[in-house]
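Engineer: Structure below; questions to follow.
2 protein chains.
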Amino acid sequence: MRLTSLADYAVVMMAAAARHGGDARLSATMLAGETGVPLPTAQKLMGRLAGAGLLTSARGTGGGFTLARGPEGISLADIIEAVEGPIAMTNCIEGAAHDCALEGSCRVKPHLNVVNGAVRGALAGVSLASLSGVA
Amino acid sequence: MRLTSLADYAVVMMAAAARHGGDARLSATMLAGETGVPLPTAQKLMGRLAGAGLLTSARGTGGGFTLARGPEGISLADIIEAVEGPIAMTNCIEGAAHDCALEGSCRVKPHLNVVNGAVRGALAGVSLASLSGVA
DNA sequence: TGCAAATCAGATCGAAACAGTCCGATTGAG
DNA sequence: CTCAATCGGACTGTTTCGATCTGATTTGCA
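Residue numbers (the working numbering), protein chains in the order written: chain A, 1 to 135; chain B, 1001 to 1135.
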C-alpha cells in the first residue's frame, strides 16, 4: 500500500517540469540537478515516462523532453501507472491473471473491485497542475 | 500501488473468520483449509494479526483465535496496516523518516498528504462486515 | 564535409524486501 | 504424568526494486 521510490521521484520530477512551462526544453541532467534525484535514475525515469506517452523525447545535442499534454491533462494515476504498471490492488483484478486459489467462490473480490475503483479515482482526480501550483 | 499477497490473503482470511461468527474458535489450520492459503503462511498471518490486536490468541490444545472486535469495528485499513505496516504512500509522510533530498523546498509534499488521506479514508470506510456479507 | 559534444535508450549488476518453510515453546486433554 | 495440538519466532530462497554503466543517435561547429 505504498508507491515505490521510482514513482515518488517521477511525481516530483514531473511537477518540476510543469513549473518550467509547458513547452520548455527539459534535459534529464537539468531536472536531476533540480530535484536531487540521482542522474542515472532520472534518465531511466524520463525514458519510461516518454515511453508511456506522458513526455515527448528529442535526441541529439539540443534534444530533451517536453510535456506531451498540458499539466491539467496529466493525473497522478497517469504518472504512477507509467512507472509502476497498472493500478490494481490485487492480482485478481487486472485482466487475465487468475491464479487465486478461490477463483469463483471468493466473496471478497467484488467488494475489492469497488475499493480499487475508489482508490484509483482519488489518484486520477489530482492533476499535475494542482500538484505544481501552475494554473 | 498494490498491496502485497500477504495482505490479500489476510483480507480473505479475516472475511472467512467473520462468516464463522464473532465468538467461534478459529484455528489457523481450519482457516487455511477454507481459504486455500498455505498453512505455514496462514500461521504467520494469524500471528501478525493477533499481534496487531485484531485477533485474540489462545495457546494449547483447545486454543485458537477469535475476533477481538466485532466485524463492524474492523476496517480494511486495519488489516492492511497490521500486515504491511502503516499506510503511507511516500516515506516523507510517516513520522520521523526524513531522507528526502528536497526536504523543505518540496512543493509536492503537502498535496501528497491530502492524497494519502483520501486513499486511507477509502480503505478505512470499508468494514469487515460489509466484506463478508455478515450484518 | 568530418568531428565532437550532448543527449536518449537499452542492458547489466547489486541489494533489499517479500513469500514461504521449518522448528521450538506453551497449553490443555487423557 | 505423558501426549497431542496449537501458537510463536527464526531461517532461507526468490523475486522485484533501485542504481549504475555502456552503447546508439542526433545536432552543432570547425
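Glycine included, C-beta positions come from ideal geometry on N, C-alpha and C.
All values derive from a computational prediction rather than experimental measurement.
#1: May I have the straight-line CA-CA distance separating Ser1132/B from Val115/A, to the nearest angstrom?
#2: How should Thr29/A be labelled, buried or exposed, when 16 other C-beta atoms within 10 angstroms of its C-beta is the threshold for buried?
#3: Less than 9 Å between the beta carbons of Val1065/B and Leu1076/B, yes or no?
#4: For the ligand ATP, any of its heavy atoms closer than 8 Å to the Cβ of Met1013/B?
#5: Can you list, in chain order, the residues of its chain with a C-beta nearer than 7 Å to that of Leu1026/B? Leave out the 5 residues immediately preceding and following it.
#6: Whole angstroms is fine: what's the gap from Glu81/A's alpha carbon to Ile87/A's?
#7: Given a cut-off of 9 Å, decide if Leu45/A and Asp78/A are closer than it, judged by their beta-carbon atoms.
#8: Answer with buried or exposed for Leu112/A, where buried requires no fewer than 16 other C-beta atoms within 10 angstroms of its C-beta.
#9: Applying the 10 Å Cβ sphere with the 16-neighbour rule, what's the burial state of Pro1038/B?
#10: Let me know the secondary structure DSSP gives Ala1032/B once reduced to three states.
#11: Using DSSP bridges, identify the partner residues of Ala50/A.
#12: Using beta-carbon positions only, say whether Thr1041/B and Ala1032/B come within less than 9 Å of one another.
#13: Who are the near neighbours of Ala68/A in its chain, counting only those whose CB is closer than 7 Å to its CB and skipping five residues on each side?
#14: For my contact list, Ala122/A and Val1119/B are in at a C-beta cut-off of 8 Å; report their separation, rounded to the angstrom.
#15: Could you pull out every residue in the same chain whose Cβ sits closer than 6 Å to the Cβ of Cys1002/B, ignoring the five residues on either side in sequence?
#16: Taking 7 Å as the limit between beta carbons, can you name the residues of its chain near Ala58/A, skipping five residues before and five after?
#17: From Asp1008/B to Ala24/A, what does the alpha carbon distance come to, in whole angstroms?
#18: Got a sec? Which residues, its chain only, sit under 6 Å from Ala124/A by beta carbon, not counting five neighbours each side?
#19: Note the first and the last residue of the continuous beta strand (DSSP E) segment covering Ser1057/B.
#20: Assuming Val1108/B and Leu1006/B are in contact, meaning their beta carbons sit under 8 Å apart, how far apart are those beta carbons, in whole angstroms?
#21: Looking only at its chain, what residues have a beta carbon closer than 6 Å to the beta carbon of Met1089/B, apart from the 5 residues adjacent to it on each side?
#22: Could you compute how far the alpha carbon of Ala1097/B sits from the alpha carbon of Gly1062/B?
#23: Spatial neighbours of Pro1071/B within its chain, please: CB distance less than 8 Å, with the 5 preceding and 5 following residues excluded, ordered by chain position.
#24: Residues of the segment 1070 to 1098 of chain B with a CB closer than 7 Å to any CB of chain A: list them in chain order, please.
#25: Given this structure, state the Cα-to-Cα distance separating Met1013/B from Gln43/A, to the nearest angstrom.
#26: According to DSSP, simplified to helix, strand and coil, what is Ala1097/B?
Structural biologist: According to the data block:
#1: Ser1132/B and Val115/A: Cα-Cα distance of roughly 14 Å.
#2: Thr29/A counts as exposed, since fewer than 16 other C-beta atoms from the protein chains shown sit within 10 angstroms of its C-beta.
#3: One point to set straight first is that residue 1065/B is Phe, not Val, in the sequence displayed. Their beta carbons are not under 9 Å apart, which means Phe1065/B does not touch Leu1076/B by this criterion.
#4: Absence of the ligand ATP is noted for the structure shown, with no ligands found whatsoever.
#5: Within the same chain, Ala1017, His1020, Gly1064, Phe1065 and Thr1066 come within 7 Å of Leu1026/B by CB-CB distance, once the 5 residues on both sides are set aside.
#6: Roughly 6 Å between the two C-alpha positions.
#7: No; because the gap between Cβ atoms is not below 9 Å, this pair is not in contact.
#8: For Leu112/A, the number of other beta carbons within 10 angstroms of its own is at least 16, and it is reported as buried.
#9: Counting Cβ neighbours within 10 Å, Pro1038/B comes out exposed, since fewer than 16 surround it.
#10: Reduced to three states, the DSSP call for Ala1032/B is helix.
#11: By DSSP's assignment, Ala50/A forms no beta bridge with any residue.
#12: Contact: yes.
#13: The residues are Gly53, Leu54, Leu55 and Thr56.
#14: That belief holds up - the Cβ atoms of Ala122/A and Val1119/B are roughly 5 Å apart, short of 8 Å.
#15: A small correction: the amino acid at residue 1002/B is Arg; Cys does not occupy that position in the sequence shown. Taken in chain order, the list of residues that qualify is empty.
#16: Closer than 7 Å at the Cβ level, and outside the excluded window around Ala58/A, lie Gly64.
#17: Distance between the alpha carbons of Asp1008/B and Ala24/A: 44 Å.
#18: Only Ser75 and Ala77 meet the Cβ criterion.
#19: Leu1055 to Ala1058 is the span of the beta strand (DSSP E), which, as asked, contains Ser1057/B.
#20: About 30 Å separates the two Cβ atoms, so there is no contact after all.
#21: These residues qualify, in order along the chain: Asn1116.
#22: Caution is warranted here: a pLDDT of 49 is assigned to Ala1097/B, below 50, making its placement in the model unreliable, and the coordinate value is therefore given only provisionally. About 43 Å.
#23: Counting only Cβ-Cβ distances below 8 Å, and skipping sequence neighbours, we find Ala1018, Gly1022, Ser1127, Leu1128, Ala1129, Ser1132 and Val1134.
#24: Correct list: Leu1076, Ile1080, Glu1084, Ile1087, Ala1088, Met1089 and Thr1090.
#25: Distance from the CA of Met1013/B to the CA of Gln43/A, rounded to the nearest whole angstrom, comes to 42 Å.
#26: Unreliable positioning characterises Ala1097/B in this predicted model, as indicated by a pLDDT of 49, which lies under 50. The coordinate reading is nonetheless provided below. Correct three-state label for Ala1097/B: coil.
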